[in-house]
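First comes the structure, then the notes that go with it.
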Amino acid sequence: MKQGWAALLALPMLAACQPAEAPQPVDPARFDRFFLWAGVPPPPAVAQARELYILGGEIRRGGPVRLVAMRAGVPHVAQAKVWLTVRTERLDWDARVWGDVRTMLARWRGAGNRLEGLQIDFDAATPGLDRYRTFLEQVRRELPPGTRLSITGLLDWSANGDPAELARLSGLVDEVVIQTYQGRTTIPGYAAWFAHIDTLPFTHKIALVEGGEWTAPAALARDRRFAGYVVFLLAPPNARPPSPAGRDPRRP
């Protein structure tokens, strides 16, 4: 869920696209969908959530490809829909990884969760969307029938993505969750990146970071495929790293 500052700041920041009012900090109490990462104590708002994206495992660059579990056990969520999120830094998944992902999905579903499906959290650069699409085609082949698929996406996709590649993604994924932040901070000038958000050919949600600034850009008002917000919850700055499989490398 990270983006290069240089690439983001290269887009011209048109005055007409800037928020018209002072941005407000993102308060989880005002939302009902959340990313819940390892080691993050859930705030009271999570008890009323309608949808949770829970980090279950990571596939890290370097060394043998393997799924590293990020939770000590299986979550048990009664009221909310649940997505099993797998964060990956590489796309060379092998048969063992596919088997481990299917096993984790089955365990989460078997625990009585309202499991929506699998979310792939991968920072797919806009020029490499064709390669990412090839990977997602394999994901569809490997997942159990009926499993929904969510992916994360970059702000740059709507501004500079190849329309043909974006259209092909629409036939593979059920939704894209577009990040608007890096680390603990909202990306400066984010409104300019939403000028063409309504042209994306797939259902999409917008991911905000807890405590980050946010004012909805005007383009969202005409965006027929906009399906709501997801708040990325943060651990307190002095919190201990999560114990099951190490620290989330994206968090400062």
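Residue numbers (our numbering): -11 to 240. Quick reminder that beta carbons are idealized off the backbone N, C-alpha and C, glycines included.
Close CB contacts of Pro31 within its chain, under the 6 angstroms cut and outside five residues either way in sequence, are with Pro16 (chain order).
Between the alpha carbons of Thr122 and Asp150 lies a gap of roughly 15 angstroms.
For Glu198, there is no enclosing alpha helix (DSSP H), as DSSP gives it neither H nor E. Boundaries for Arg84: no beta strand (DSSP E) harbours it, while the alpha helix (DSSP H) harbouring it runs 83 to 98, taken from the DSSP string.
Where Leu106 is concerned, the enclosing beta strand (DSSP E) starts and stops at 102 to 109. The C-alpha of Thr203 lies about 9 angstroms from the C-alpha of Val14. With respect to the 7 angstroms criterion, Ser146 and Ile185 are classified as neighbours on the basis of their beta carbons. For Leu106, the closest alpha carbon among the candidates Leu131, Asp82, Leu142 is that of Leu131. Rounded to whole angstroms, the gap between the alpha carbons of Tyr41 and Val74 is 10 angstroms.
Counting along the chain, Ala215 sits inside no alpha helix (DSSP H); it lies in the beta strand (DSSP E) bounded by residues 214 to 220. About 6 angstroms separates the beta carbons of Val53 and Val85, which is inside the 8 angstroms limit, making them a contact pair.
Burial is judged here by how many other beta carbons sit within 10 angstroms of a residue's own beta carbon; Asp211 has at least 16 and is buried. The beta carbon of Tyr120 lies closer than 6 angstroms to those of Ala112 in the same chain, with the five residues before and after it left out.
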